[in-house]
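Scroll down for the structure; my scribbles are underneath it.
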């Protein structure tokens, strides 16, 4: 068999393979809602532009209230109709309840322990039950009303003092600090964002940095093949920030465990006490790692 014959057979094989792949892609595409035609590699990323919410509105007008976008290598279904959203989130909530995990949340395996990112299963149900029954229950929130009043009064007093002294007030950071202290008092019964303490400033900056990194567009979320490379170093920086916060939480929990061992309680029955009680009564439901991660997940959701 001469070289020309081999070349012809090779070209025929490549053409046949491409045709099969095209048929498979077309068959899979027919199972999805309509959407704009993706370009190679990038998919529809370029169609999002600098204002994705505006771009998605325009695309929905052209392709309907439920459409398919290819964001890099990730197939995404976008819903822009209240009726369709109700169908997905209420009537088919179990099928759509699990969430896609951003690569940044792989730092310290946070997604494996956080109730926010766990798939619906026994562990998720146990943690959700603990949160709803003991932390976010109406009676528990009502019991902490005095704490919210006190933190707002402290914020007003800080603004008044700065005004009287002719000092500028960064309202965003002041409100951010108030939110952090409200959370830290609810969980640990201490202020973790006291502006007069260097350690508190470090903690505040850590929380801020976690929010910044979590909010950045990450190439790995659109091209999972880049996960090992971590080209923007977002996961690496998140690993550092998470590690420092978890170290701080671990130290606070150790102090509380020691106080409980010595029968020296604060009398506040805060979140840490509640979680430790649950852990002691049923270690299989919540362990030490889950307690630390439950504390961690609260903070990055507050930003100025």
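In the working numbering, the protein residues as written are 96 to 399. Idealized CB from N, CA, C, for every residue including glycine.
Residue burial classification, residue i (beta-carbon count within 10 angstroms, cutoff 16)
i	result
residue 358	exposed
residue 232	exposed
residue 308	buried
residue 234	exposed
residue 385	buried
residue 396	Since pLDDT at residue 396 reaches only 44, below the 50 mark, its modelled position is unreliable, and no value is offered.
residue 225	buried
residue 197	buried
residue 364	exposed
residue 136	exposed
residue 245	exposed
residue 164	buried
residue 148	exposed
residue 152	exposed
residue 217	exposed
residue 315	buried
residue 203	buried
residue 100	exposed
residue 111	exposed
residue 387	buried
residue 107	exposed
residue 184	exposed
residue 252	exposed
residue 126	exposed
residue 247	exposed
residue 259	exposed
Limits of the unbroken alpha helix (DSSP H) element including residue i
i	result
residue 335	329–356
residue 273	266–283
residue 251	240–259
residue 134	Element bounds for residue 134: n/a, residue is neither H nor E.
residue 372	366–376
residue 316	314–317
Spatially closest choice to residue i from the options, by CA coordinates
i	options	result
residue 128	172, 140 and 100	172
residue 132	156, 152, 162 and 105	162
residue 175	194, 155 and 191	155
residue 330	344, 310, 342 and 343	310
residue 352	367, 341 and 220	367
residue 391	321, 278 and 349	278
residue 389	274, 209, 136 and 191	209
residue 194	207, 147, 240 and 151	207
residue 319	237, 167 and 342	167
residue 219	192, 236, 270 and 341	192
residue 272	262, 254, 261 and 260	254
residue 250	170, 261, 269 and 236	269
residue 130	157, 111 and 105	157
residue 280	145, 240, 212 and 169	240
residue 138	229, 321, 344 and 170	170
residue 71	141, 347, 183 and 159	Coverage of the chain is limited to positions 96 through 399, which leaves residue 71 absent and any answer about it impossible.
residue 411	275, 179, 313 and 321	The question about residue 411 has no answer here: the residues shown for the chain are numbered 96 through 399.
residue 282	205, 105, 236 and 190	236
residue 215	265, 188 and 205	188
residue 313	228, 211 and 200	200
residue 140	356, 349 and 317	317
residue 160	350, 180, 144 and 134	180
residue 242	256, 286, 144 and 355	286
residue 340	349, 298 and 258	298
8 Å Cβ cutoff, residue i in contact with chain B
i	result
residue 153	As a matter of chain content, chain B is missing from the structure shown, which is built from one protein chain.
Where in the segment 154–226 do unbroken runs of the beta strand (DSSP E), each at least 3 residues long, occur, reported from the N-terminal end onward?
Complete beta strand (DSSP E) runs here, min 3: 161–166 and 169–174.
Is the segment 299–317 touching the segment 328–340, taking contact as three or more C-beta pairs under 8 Å?
Touching, yes, given that three or more Cβ pairs across the two stretches are closer than 8 Å.
Would you be able to state if there are at least three C-beta pairs under 8 Å between the segment 316–334 and the segment 371–385?
No contact exists between the segment 371–385 and the segment 316–334.
Count the C-beta pairs between the segment 375–390 and the segment 206–226 that are closer than 8 Å, then say yes if the count reaches three, no if not.
Per the Cβ contact rule, the segment 375–390 is in contact with the segment 206–226 (3 or more Cβ pairs under 8 Å).
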